[in-house]
Amino acid sequence: MTGEFRKIIRLKVTESTNSVALEAGEQGAPAGTVVVADEQTGGRGRLNRSWLSPPGMGLYFSLVLRPDLAPGDLAKITLAAGLAVCRAIEAECRIYPEIKWPNDLLVEGRKFGGILTETRSGQDPAAERCPLVVVGVGLNLSPPRGGFPSDLQERATALALHAEQAIDTGALLKECLAAIEAQVHRLESGDFPAILADWQQRDAIRDKVLSWVTPQGNKVTGVSLGPDEHGMLRVRDDQGVVHTVISGDVKLVGKRIEN
Ligand code: BTN
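In the working numbering, the protein residues as written are 4 to 262.
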C-alpha cells in the first residue's frame, strides 16, 4: 500500500495502538492500515512490560501487516522493523541509532524506542497464508515532564535530547511506515541475510558480555555473537558452548571485548 491511499486511524488517547490495530485487523483492515495515538494509557512492550506513553511526548503507532511469510519467519519481522525505524530516524533526525537484540532502539547506549510485533493470540499463523501481524513502534521524542521515572533515569532517553533540529513527527511517521514496508518486502523476497548484514552494523551488544535466564531457569553468561540466520541471538559461554536465545531478556554485564 502506498502512503497516498493508506488508512490512518488517529486517536487522541487509547489504551494501546497495538490492541486497536489487532482489532481492526481482525475486522478485515487491509495491510498498511496504521493506528497512531497521542497518548496510550496501557502501552505495552515485550515480556509484559509497560510502555510509558504520556501525551505529546512520543510517537506511538501500530502498522497492520499481512506478510507472505512462513510462520517461523515472523520473528524476523521485529529485526527488520528495528532496522527500518533506525534508518527512518537517521534520515529524519540525523541520529544514528543502534539496536539491542531483539527490539530495543538505543542512542548513546540508552533506550529511546522499542518494537512490539504481535499476532492475535489463538491465531495459528500456520493456518493462514498471510497472517495478521501488527508491528507496534514506540519512540520517546521528548522526556516526560518532570523527567523519566527513577527506575528508567539511567537507561532511558528521548530523541530530542540528541537531535540538532526540531523533529517533524508527521514526517518521521511517514518515513518509518515506508521503511518498515520496504524491509518487510525485502523479507518476503527471501532477503533476510541482507537484512541481517545491515542489522549487524547497528548491533549494540555484539561482543559484549551478557547474561540471560534460560526457560529452564538457568543463568547463562557469555559473549554475544549476534543473531543467527533465524534472527535468534547466539551467546557463547565460558566453556565455548554456543546457546541460542529464543526469547526472554538479555542483560549486559560487561564492556565490549576488543579483538
Ligand atoms: C518494547 O520496548 O518492549 C516495545 C515497546 C513498544 C511500544 C509500542 S507504542 C505503540 C505500540 N502500542 C503498544 O502498546 N506498544 C507498542
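Every residue gets a Cβ at the ideal spot worked out from N, C-alpha and C, and that includes glycine.
Top-ranked residue by Cα proximity to residue i, from the options
| i | options | result |
| --- | --- | --- |
| Gly243 | Thr224, Gly117, Leu236 | Thr224 |
| Arg158 | Gly112, Gly220, Glu26 | Gly112 |
| Asn21 | Val37, Gly31, Glu178 | Val37 |
| His246 | Leu255, Ala182, Gly229 | Gly229 |
| Asp231 | Ala197, Val212, Leu255, Asn221 | Ala197 |
| Pro70 | Leu199, Thr17, Val187 | Val187 |
| Thr217 | Asp194, Met235, Ile249, His233 | Ile249 |
Near the ligand BTN: residue i beta-carbon under 7 Å from a heavy atom
| i | result |
| --- | --- |
| Trp215 | no |
| Ile118 | yes |
| Tyr63 | yes |
| Ser56 | yes |
| Asp107 | yes |
| Gly46 | yes |
For residue i, the first and last residue of its enclosing beta strand (DSSP E)
| i | result |
| --- | --- |
| Glu111 | Glu111 -> no beta strand (DSSP E), and no H or E assigned at all. |
| Arg13 | 11–17 |
| Lys211 | From DSSP, Lys211 is part of no beta strand (DSSP E); its letter is neither H nor E. |
Span of the alpha helix (DSSP H) around residue i
| i | result |
| --- | --- |
| Gly85 | 77–96 |
| Phe195 | 195–203 |
| Gly46 | Careful: Gly46 lies outside any alpha helix (DSSP H) and carries neither H nor E. |
Between the CA atoms of residue j and residue i - distance to the nearest angstrom
| i | j | result |
| --- | --- | --- |
| Ser227 | Gly48 | 23 Å |
| Leu162 | Ala207 | 17 Å |
| Val88 | Arg205 | 12 Å |
| Trp215 | Leu50 | 14 Å |
| Arg97 | Asp241 | 39 Å |
| Leu180 | Ser153 | 32 Å |
| Lys79 | Val238 | 18 Å |
| Ile118 | Ser53 | 12 Å |
| Pro146 | Arg209 | 28 Å |
| Asn262 | Lys211 | Here Asn262 scores only 33 on pLDDT, less than 50, and its place in the model should not be relied on; the value that follows carries that caveat. One C-alpha to the other measures close to 11 Å. |
| Lys114 | Val136 | 24 Å |
| Ser65 | Gly85 | 13 Å |
| Leu77 | Cys133 | 11 Å |
Proximity test, residue i beta-carbon vs the ligand GTP heavy atom, cut-off 7 Å
| i | result |
| --- | --- |
| Ala34 | As far as ligands go, the structure on display features the ligand BTN and does not contain the ligand GTP. |
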